[in-house]
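So for the sequence shown, my numbering puts the first residue at 55; every next one is plus one. Here a beta-carbon is modelled for each residue, glycine too, at the ideal position from N, C-alpha and C.
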Amino acid sequence: MAKEQPQNDKKDILYSAIILAVLVLVIILSTVEFRAMREVCTIVEGPGVTGRGRLAEYFKELEESPGDTDIYFMEGAEPGGTVLVMGGLHPNEPAGLLAAVVLIENAVVETGRMIVIPHANASGYTHTESMQASPPHFAIQTEWGERVFRYGSRLSSPLHQYPDPQAYTHPSGMLLSGPEVRNLNRVFPGRPDGLLTEKIAWGIMNLIWDEKVDLVIDIHEARPINPVVNCIMAHPRVIDVASIAIMDLGADWGVPIRLEPSPEGMRGITHREIGDHSDALAVILESPNPAMDALRGPTDAELVVYGKDDFFKRAGEAGLIRVPYIDCQGFPIDRRTGRHTTTVKVLIDTFTEFHFDKPVIVNGIPTKDEIIEKGLGHFFLKP
Ligand SMILES: [Zn+2]
């Protein structure tokens, strides 16, 4: 037995070396993956982009912070009104981001101005929600290959804003659960001396004030079992424009959509606070995203992109969800994104009909039918 000792030692050393090598490999791979999550997806400046800025230019406190984010300016040859379109206030609602990217890469403004913030909560794009098993990325097929986008979390990263209070008191006095202090769509109009998410909201408010924005369109997605889905939520001052847009969308553009007036007591949400604290008219758009609903089965990039899930199919057949689950089609992201781009186009056109002294004319916004016909990937430029 004593003779075998050196050989056993050699085996032990070999096993230890293999375990160490595997550990080092796992650490390297996870470090690369973890660092990659800090990068938001690449966006290509389309033919209509006339300038790019950063949110920190409107609120210095955001400089070098994880809340700073890119802003795209699209200016027409003729002066007119200013529209701000935001995606990514909730980074787990991907059709909002994709609609913003489609605008940046395809739209051309003829009159007035369009400003687009695609990753409104940049911090929320650096992580996924805990216990939700969300995929960190998803890809859209294009004619030249795959375009990859980040799938983030509803809330800002706890690495950037920690700890959460037991309860969050909105400046209006409304009390919310502690983690909601990291929900960008609950902290508007923000606080200049607040926590990071409140500072992002304050930066966006500064942009709206400084750039004299006339219309704000904030693009979201909602759980299909949520009653507030496939709708425009509108501040009272924009009910007229939203109502006419809804009739046009249903009659002429194949986008049946409902109107939801902004509840007065529900504070911190963009359309309510921007409408109350600025001259801008403000709406939120919602489409159904099964990947964020508790009813879902396995949560992967396929579910994000194709929106097919047996549980939703059965719930749809039983009449338990608020939006039709189209058999064999589910809630595909091209339809969800197309619904948003068409709604943005019709809202801008209707705004111009109501406010001819501040016209905004935008060409080249792909509609839902064009996106379904050519595929969403057709409208993404090659980085
Ligand atoms: Zn949302």
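What residue range is occupied by the uninterrupted alpha helix (DSSP H) comprising residue i?
| i | result |
| --- | --- |
| P148 | 148–160 |
| L401 | 387–408 |
| T324 | 324–331 |
| V467 | Beyond the ends of the chain as shown, which are 55 and 437, falls residue 467; an answer cannot be given. |
| I425 | 422–428 |
| V358 | 355–360 |
| G370 | 364–371 |
Tell me whether the beta-carbon of residue i lies closer than 9 Å to the beta-carbon of residue j.
| i | j | result |
| --- | --- | --- |
| P310 | N284 | yes |
| T224 | R236 | Per the sequence shown, residue 224 should be read as His rather than Thr. Cβ distance not < 9 Å, so H224 and R236 don't count as in contact. |
| A276 | V282 | yes |
| V414 | A153 | no |
| N160 | S188 | no |
| N417 | V162 | yes |
| V358 | A345 | yes |
| P438 | K253 | With the chain represented from 55 up to 437, any question about residue 438 goes unanswered, as that position is not in the structure. |
| F88 | G105 | no |
| H181 | L213 | yes |
| G370 | D272 | no |
| L261 | A336 | no |
| N175 | T251 | yes |
| H274 | I338 | yes |
| H191 | A355 | yes |
| I194 | F385 | no |
| T395 | T421 | yes |
| I258 | M287 | no |
| T404 | A299 | yes |
| I419 | D388 | no |
| G135 | K367 | no |
| T406 | L430 | no |
| I158 | V94 | no |
| Y360 | D264 | no |
| D302 | V377 | no |
| S211 | P317 | no |
| A255 | L238 | yes |
| H289 | D330 | yes |
| S226 | R108 | no |
For the beta strand (DSSP E) that contains residue i, what are its first and last residues?
| i | result |
| --- | --- |
| V137 | 132–140 |
| L335 | 335–342 |
| V202 | 199–204 |
| F192 | 191–196 |
| E314 | 312–315 |
| I380 | Unbroken run through I380: none, as it is neither H nor E. |
| I415 | 415–417 |
Can a CB atom of chain B be found closer than 9 Å to the CB of residue i?
| i | result |
| --- | --- |
| P145 | Of the chains in the structure shown, none is chain B; there is only one protein chain. |
Any chance the CB of residue i is under 8 Å from a heavy atom of ligand 2?
| i | result |
| --- | --- |
| N175 | This structure lacks ligand 2; the ligands present are ligand 1. |
Q. Taking one C-beta from the segment 161–174 and one from the segment 121–139 each time, how about it: are there three or more such pairs within less than 8 Å?
A. yes
(Q) My parser needs the alpha helix (DSSP H) runs of 4 or more residues fully inside the segment 207–287; what are they? (A) 250–264
Q) For the segment 73–124, which segments carrying the beta strand (DSSP E) assignment without a break, of at least 3 residues, lie completely within its bounds, in sequence order? A) 105–108
Q.
I want to know whether the segment 59–70 touches the segment 116–136 - three or more CB-CB distances under 8 Å.
A. no
Q: Please confirm if the segment 202–219 is in contact with the segment 366–380, defined as three or more CB-CB distances below 8 Å between the two stretches.
A: no
Q. Given 8 Å as the limit, is there contact between the segment 216–223 and the segment 287–300, that is, 3 or more CB pairs closer than that?
A. no
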